[in-house]
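Data block below; observations after.
2 protein chains.
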Amino acid sequence: MTDEKRPVAVLAAGVAPRTKPSNYPEPFASQMAGREKRQLGDVFGLGNFGVNLTRLAPGSVSALRHSHTRQDEFIYILEGTPTLITEAGETLLSPGMCAGFKAGEGGGHQLVNRSNAVVVYLEVGDRSAGDTAFYPDDDIEAWHDGDSWRFRHKNGEPY
Amino acid sequence: MTDEKRPVAVLAAGVAPRTKPSNYPEPFASQMAGREKRQLGDVFGLGNFGVNLTRLAPGSVSALRHSHTRQDEFIYILEGTPTLITEAGETLLSPGMCAGFKAGEGGGHQLVNRSNAVVVYLEVGDRSAGDTAFYPDDDIEAWHDGDSWRFRHKNGEPY
């Protein structure tokens with residue numbers, strides 16, 4: 381049955397932003413200042429994948445550069461000109477461009493807003509069980525325990 | 381390892397449209413004339429979900445009205461004003477609006493372009509195993525056999 385409390389459709393920009401700015405432990409959470417996520421899939425109760433409308437203020441980043449073992453990711457640029465950083469180098473993106481990051485492939489990806497204007501993009505990621513994340517540039521690793529993301533140092537010590 | 385043949389990023393509108401206009405049997409396949417899908421996720425080898433950039437000419441439709449048992453679906457309107465038809469009635473959408481259709485919920489959904497302008501939207505759907513589709517308005521039912529969608533009449537007879 382349809383949950384009667386759920387809307388049929390919404391204006392994406394009108395969805396309230398996520399209240400927790402980042403799941404990362406410090407010192408990484410503070411590095412996500414300037415990033416704002418609206419969790420669009422959650423509005424409709426989607427469970428198999430998430431879709432965020434994400435806004436990056438000038439100078440901010442999408443995430444630590446990372447790759448997933450199980451989760452595919454996809455981005456579509458709506459506004460602005462972010463720089464996509466991958467193991468292949470840097471690629472300037474613009475509205476109407478998209479990129480995908482297949483689970484288990486690639487050394488890591490990250491968007492950086494080096495422009496003076498806001499960047500807005502859609503990001504999609506599935507919720508495959510047993511996912512882990514690798515961060516090539518930072519002393520952090522992550523795994524999803526079924527409920528939430530957990531983090532530790534690369535030597536196994538907790539944050 | 382990254383497949384070296386895959387691009388880092390692409391302009392979505394520059395991806396070649398799918399050559400097969402519809403998977404439906406007749407008489408339904410012909411009803412999808414005016415619909416064009418660019419399979420963006422496939423460009424990057426994504427396997428857990430698909431993302432299409434879909435264009436509806438005036439008078440055309442996204443699909444037969446349907447719902448899925450396993451697959452979540454999500455749409456985000458980029459251009460134009462499609463009408464979303466669900467069991468709750470009709471909702472006029474516009475750019476920046478989105479909707480989601482949770483697996484196993486809802487009596488069926490469909491976009492119809494009743495305007496005189498082109499509609500362009502992103503559609504996301506996951507590839508959960510064992511998915512089936514229900515069509516409330518038409519004598520057709522569908523199941524995914526792991527490789528492709530298969531169709532039959534509601535009395536079980538083949539198309």
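In order, the protein sequences belong to chains A and B.
The first sequence lines up with residues 381 to 539 when you count with the numbering used here.
The second sequence lines up with residues 381 to 539 when you count with the numbering used here.
Yeah, the Cβ is synthetic: ideal placement off N, Cα and C, and Gly gets one too.
Run through DSSP, which three-state label would residue i get?
i	result
residue 498 (chain A)	coil
residue 381 (chain B)	Any reading at residue 381 (chain B) needs caution, since the residue's pLDDT is 48, under 50, leaving its predicted position unreliable; the model's value is listed next. The answer is coil: DSSP assigns residue 381 (chain B) none of H, G, I, E or B.
residue 422 (chain A)	helix
residue 393 (chain A)	helix
residue 458 (chain A)	strand
residue 527 (chain A)	coil
residue 532 (chain A)	strand
residue 400 (chain B)	coil
residue 482 (chain B)	coil
residue 522 (chain B)	strand
residue 453 (chain A)	strand
residue 447 (chain A)	strand
residue 517 (chain A)	coil
residue 537 (chain B)	coil
residue 388 (chain B)	coil
residue 439 (chain B)	coil
Is it right to say residue i is buried, meaning 16 or more other beta carbons lie within 10 angstroms of its own, or is it exposed?
i	result
residue 442 (chain B)	buried
residue 412 (chain A)	buried
residue 399 (chain B)	exposed
residue 538 (chain A)	exposed
residue 426 (chain A)	buried
residue 406 (chain B)	exposed
residue 480 (chain A)	buried
residue 381 (chain A)	Low confidence applies to residue 381 (chain A): its pLDDT is 48, below 50, so where it sits in the model is not reliable enough to give any reading.
residue 448 (chain A)	buried
residue 424 (chain A)	buried
residue 510 (chain B)	exposed
residue 410 (chain B)	exposed
residue 446 (chain B)	buried
residue 440 (chain B)	buried
For residue i, which of the options has the nearest alpha-carbon?
i	options	result
residue 517 (chain A)	A:433, A:466, A:399, A:402	A:466
residue 456 (chain A)	B:391, B:497, B:436	B:391
residue 508 (chain B)	B:450, B:473, B:494, B:406	B:450
residue 453 (chain B)	B:536, B:513, B:525, B:527	B:513
residue 418 (chain B)	B:410, B:401, B:408	B:401
residue 493 (chain A)	A:397, A:414, A:482, A:409	A:414
residue 395 (chain B)	A:478, A:464, A:403, A:394	A:478
residue 536 (chain B)	B:529, B:505, B:527, B:519	B:519
residue 436 (chain B)	B:510, B:496, B:506, B:523	B:496
residue 397 (chain A)	A:424, A:416, A:506	A:416
residue 428 (chain A)	A:491, A:393, A:505, A:528	A:505
residue 463 (chain B)	B:500, B:522, B:483, B:486	B:500
residue 521 (chain B)	B:393, B:404, B:386, B:388	B:404
residue 498 (chain A)	A:475, A:389, A:388, A:484	A:475
residue 387 (chain A)	B:482, B:446, B:531, B:458	B:482
residue 389 (chain B)	A:469, A:530, A:393	A:469
residue 491 (chain B)	B:393, B:531, B:434	B:434
Over the uninterrupted beta strand (DSSP E) stretch that includes residue i, give me the two end residues.
i	result
residue 411 (chain A)	Looking at the DSSP string, residue 411 (chain A) is not in any beta strand (DSSP E), and its letter there is neither H nor E.
residue 465 (chain B)	463-466
residue 513 (chain A)	512-514
residue 436 (chain B)	429-436
residue 473 (chain B)	That residue, residue 473 (chain B), is in no beta strand (DSSP E); it is neither H nor E in DSSP.
residue 490 (chain A)	489-492
Tell me whether residue i, by its Cβ, gets closer than 6 Å to a heavy atom of the ligand NAP.
i	result
residue 482 (chain A)	Within the structure as shown, the ligand NAP is missing, as the structure has no ligands at all.
Requested in this report: Determine which residues of the stretch 500-517 of chain A have a Cβ less than 8 Å from any Cβ of chain B, and write them out in chain order.
Outcome: Correct list: 502, 504, 506, 508.
Report task. Using a Cβ-Cβ cut-off of less than 8 Å, list which residues of the stretch 475-501 of chain B approach chain A; keep chain order. Result -> 476, 477, 478, 479, 480, 481, 482, 483, 485, 486, 487: these are the residues of the stretch 475-501 of chain B whose beta carbon lies less than 8 Å from some beta carbon of chain A, given in chain order.
**Report entry** Against chain A: residues of the stretch 418-443 of chain B by CB proximity under 7 Å
**Finding:** So the close ones are 420, 421, 423, 424, 425, 426, 427, 428, 429, 431.
Query raised in the report: When Cβ atoms are compared, which residues of the stretch 392-403 of chain B fall closer than 7 Å to chain A?
Result: Result list: 392, 393.
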